[in-house]
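Residue numbers (UniProt numbering): 1 to 126.
As structure tokens, then:
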């Protein structure tokens, strides 16, 4: 569930970043460059500043959601049977410790990176 929230947050962040490029970036560029009578500045914002802001805000939103949500706690293992290996109890990590990477973070990061790369390839006609 955490990975899905991070992916949806990244998509929402990309949309907000793209729209934010027009709300914030376009007026600043028009103020510096002068009036935009032929729409050239708007097209420039749409194909350069907009996608850059979308990628940046997508990554920020994904990291923010992954940081604010907590990963699942591992369930304590049941007591082993006495017929199993006697050294297994010595090698088993203590209950409540994380023994590997957070798989939901890895899944969310991978999906968002693939979405960003696919979007940039589509935008550039590749």
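Note that beta-carbon positions come from the ideal geometry of N, C-alpha and C, so glycine has one too.
Once you ignore the five residues that flank residue i on each side, which residues in its own chain have a CB closer than 7 Å to its CB?
i: residue 116; result: 55, 58
i: residue 42; result: 26, 36
i: residue 104; result: 2, 3, 71
i: residue 49; result: 21, 25
Which whole-angstrom value is the C-beta distance of residue i and residue j, which I expect to be below 8 Å?
i: residue 21; j: residue 53; result: 4 Å
i: residue 112; j: residue 62; result: 5 Å
i: residue 102; j: residue 71; result: 5 Å
Please work out which residues of its chain come closer than 8 Å, Cβ to Cβ, to residue i, disregarding the five sequence neighbours upstream and downstream, and give them in chain order.
i: residue 45; result: 21, 22, 25, 26, 29
Is it the case that the stretch 54–68 contacts the stretch 106–124, given that we only count it when at least three CB pairs across the two stretches are under 8 Å? yes
Check whether the stretch 12–32 and the stretch 47–62 are in contact - that is, three or more C-beta pairs closer than 8 Å. yes
Within 8 Å, do at least three Cβ pairs link the stretch 28–42 to the stretch 2–9? no
Counting only runs that start and end within the stretch 26–59, where is the alpha helix (DSSP H) found for 4 or more residues in a row? 26–33, 40–44
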